[in-house]
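Okay, so the sequence shown: first residue is 1383 according to the working numbering, each after it adds one.
Each residue gets a CB set at the ideal place from its N, CA and C atoms; glycine is no exception.
Shown next, in structure tokens, is the structure this report addresses.
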Amino acid sequence: MRGVFSVCAVRISCSKNRAALRFIYCRPIIIIIAPAARRKSDRNMAADKKLNILYLLPELNVGGVETHVLSLALGMKEIGHNVIVISNGGALAPRLEEGGVEHVVMPVHHKSPVTVNEQARRVRELIERRGIHVVHAHSRVPAWIGYFAARRLRAAFIISAHGQYAAHMGSRIMAWGDHIICVSDIIREHMRARLKADPARMSTVYNGIDMDEALERLRSARNPADMRASLGIPADAPVAGHIGRLTVTKGTRFFLDAMASLVKKRPEVRALVVGDGQLRKELQDRATELGIASNVIFTGMRTDVYDILNILDVYVVSSLSEGFPMGCLEAMSVRVPIVATGVGGIPEMLTHEQTALLADARDTDALAAHMDRLLGDPDLRARLTDAGFDTVSSKFSRQRMLQEVLDVYTRTLRTKYGLLQPVRAASALDRPRVLLALPELEVGGVETHVIDLAIGLKRRGYEPIVASNGGKLVEKLATENILHVEAPIHSKAPPVIASMVGRMRQVIRENRIELVHAHSRVPAWICYLAMRGEKGNRPFVTTCHSTYSVHVGSQVMTWGDSMIAVSSFVRQHMLRNFGTAPDRITTVYNGVSPGLYDAARGKDMAARYKSELGLDNGTRVVGMVASLTPRKGYAYFIRAAQAILAQYPNVVFLGVGGGVQKDELESMAREAGLDSRFRFLGVRQDVRDLMYSFDIFVLSSLSEGLPY
């Protein structure tokens, strides 16, 4: 019977904004002896937010950055976010379109300042038109374009650093993102040391690979014999492969030099050089010069990477510098043994003699020796590839990469732009953390409201923490795995309030609270003072559950960034008596789940409680659930009961709750001759079940907000 609230998203920035939490209420016969606010209909909102994400990269030809962005874009689309990729196009563009990702062709690879300025204007128009939340740039020219396009817009600007950039003005942009994702720890250290990037705005997120897709592509790969024949490779020739752009940093020349040494021992070996670039002609001439032109096949750019991997006996990375090469992950995923130079982030991925054989950069003798060793030792190949497969499966999955990148997006949007709403598929660690503060958690309307609010927030993807002086309802929080912080924030004594300010400040800091929501005046004072002088744009929300007395002690309820009134009547009271600006206070009605009332359960519960109370089926029950305080008007309920019994003797009246008037009201009922017909049941945790035994619910309050 626990109520589950329909909780709308809360988005609050550092400016004065509204928080909207909307609920609905459903219940049978109710008599209210006081004016009540009208009920508003529920407004159904999604529990999590879809992001509009824009990726920028120079082109979509075959390469590590391109493969990474392809995987990232398709993955975010699969999660449910809206994704657009801007590039100059290339061989991988059809893969994006097949996955339902929009691709916009723009010359974002040109370094010309005129072109950069023009493309920034076009990208800015797209950001505004499509409501982009995240602009994620890969490579320097796209980063410049993204920076100028997103500047002063409410979009998070994320940069991925895939390599070690030269420390000149053109590279400075890589340190200017709202957050910088580095593909390895060594890249992150380079960004800090050489480009002066702020460590607090950097995270290492290793590239990842979709293992299911890799294995499926391997299963559907072209027949190895046909593939060899198409490349002119003899059926029994061992094959070493090098895949990547033909640039200086990829060290392809050293691969060829190592092959020249290997051919002397294994003249039948073949080398595949897969990729293209400005050095292709120079490298072909180098192969001829080394006398291995007949052993080396330059394939040019290929998109059938897994067809290539399927015929390799060893995969070679001879780079002089690397970030975190995707090619190694692909090779490990299909159990191809690896020889690599231990540069950049490679040692963070591969361990010498465990998952690969590593050599120093430019050490062609070591590269040749490692290739020869692998080709001649099947047991070594099996041991390395088994360990490599386990490593990529456990540490470098695409799922992990997507989760960590999405968490970067979420944190950046929250810390910089105040987005306080669960983002679709973000991890539990990145749930928005909300502190709900109230005096205590004994049974009552405010207490029930906060309990149900906390449970509803938890189920909607938030991480609520409740602070109070404790009470019987704390157990309900525990069953929902909601943290409760016990503190005497109910006491009006100035020394206690002063001591609690520091305690609440500590709670806010230690639990990384992002929004504080106070219910009642003393907790509001304590939280307000605790937040003063704190860094960041942490919003402060108050809920007005009643019509407060007009004095300075109540003024704190108007000092929040946003106010919630539980009824229009309470809202008008705050507007009229406290000078609250109309646009800062929103009416949000209390409520419970529309599925709360269960007729079958109700029949069983009614019979159970009547039996426990010693009542026969013909006895009618009139009940009131409220604290035993003057404001709730129990005295009028008792007088009404006395009058009713004179006409209807087969009625029992129940008062559920505790409070300062307990002894006084029990005495009053006895003096009225109602001691057997008016029963005070005290504080109960089973109120919702108990109410099934009521034939009539009464509320005799002298003043109310919107009673539960």
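- For the pair residue 1977 and residue 1883, the Cα-to-Cα distance works out to about 40 Å.
- The segment 1622 to 1697 contains, as complete alpha helix (DSSP H) runs of 4+ residues, the segments 1634 to 1647, 1662 to 1671, 1687 to 1691 (chain order).
- Out of 1540, 1494, 1814, the CA that lies nearest to the CA of residue 1514 is found in 1540.
- Residue 1783 is a Cβ neighbour of residue 1588, given a cutoff of 8 Å.
- Here the segment 1658 to 1665 makes contact with the segment 1628 to 1643; the two share three or more CB pairs at distances below 8 Å.
- At a Cβ-Cβ threshold of 8 Å, residue 2087 and residue 1952 count as neighbours.
- Cβ atoms of residue 1899 and residue 1816 come within 8 Å of each other, at about 6 Å.
- By the CB criterion at 8 Å, residue 2009 and residue 1973 fall outside the cutoff.
- Contact check for residue 1652 and residue 1677: beta-carbon distance about 6 Å, within the 8 Å limit, so the pair qualifies.
- Excluding the 5 residues flanking it on each side, residue 1623 has same chain C-beta neighbours closer than 7 Å at 1654, 1656, 1690, 1694, 1697, 1698, in chain order.
- Counting C-beta pairs with one atom in each stretch, the segment 1453 to 1473 and the segment 1606 to 1620 have fewer than three that are closer than 8 Å, which means they do not touch.
- Around residue 1840, the same chain offers 1846, 1862, 1864 as residues with beta carbons nearer than 7 Å, after the five sequence neighbours per side are excluded.
- The beta carbons of residue 1535 and residue 1562 sit no closer together than 8 Å.
- For residue 1831, the CB contacts under 6 Å within the same chain, skipping 5 residues up- and downstream, are 1972 in chain order.
- The bridge partners DSSP lists for residue 1437 are 1467, 1518.
- A contact between stretches requires three or more CB pairs, one per stretch, nearer than 8 Å, and the segment 1984 to 1994 fails this requirement with the segment 2054 to 2066.
- Contact check for residue 1742 and residue 1748: beta-carbon distance about 7 Å, within the 8 Å limit, so the pair qualifies.
- Rounded to the nearest angstrom, the Cβ distance from residue 1435 to residue 1516 is 5 Å, consistent with a contact under 8 Å.
- Here DSSP, grouped into helix, strand and coil, assigns residue 2028 to helix.
- Here the alpha carbons of residue 1649 and residue 1565 stand approximately 38 Å from one another.
- Counting along the chain, the unbroken beta strand (DSSP E) around residue 2060 starts and ends at 2060 to 2064.
- Residue pairing by DSSP puts residue 2002 in a beta bridge opposite 2033.
- Listed as beta-bridge partners of residue 1925 by DSSP are 1901, 1946.
- Its chain contains 1488, 1490, 1527 as the residues whose beta carbon lies nearer than 6 Å to that of residue 1501, once the 5 sequence neighbours on both sides are disregarded; these appear in chain order.
- When DSSP reads this structure, residue 1584 sits in a beta bridge with 1562.
- Judged by DSSP in its simplified three-state form, residue 1544 adopts coil rather than helix or strand.
- For residue 1846, there is no enclosing alpha helix (DSSP H); the residue is found in the beta strand (DSSP E) stretching over 1845 to 1850.
- Rounded to whole angstroms, the gap between the alpha carbons of residue 2077 and residue 2003 is 5 Å.
- Nearest C-alpha to residue 1728 among 1556, 1569, 1829, 1886: 1569.
- Residue 1855 is a Cβ neighbour of residue 1824, given a cutoff of 8 Å.
- Contact check between the segment 1956 to 1967 and the segment 2029 to 2047: fewer than three CB pairs, one atom from each, fall below 8 Å, which does not count as touching.
- Sequence-distant partners of residue 1996 (beyond 5 residues in either direction) whose C-beta falls short of 7 Å from its own C-beta are missing from its chain.
- The continuous beta strand (DSSP E) containing residue 1967 extends over residues 1967 to 1969.
- Of the candidates 1601, 1866, 2011, the residue whose Cα lies closest to the Cα of residue 1893 is 1866.
- Rounded to whole angstroms, the gap between the alpha carbons of residue 1478 and residue 1592 is 15 Å.
- Residue 1969 and residue 1956 have their C-alpha atoms some 11 Å from each other.
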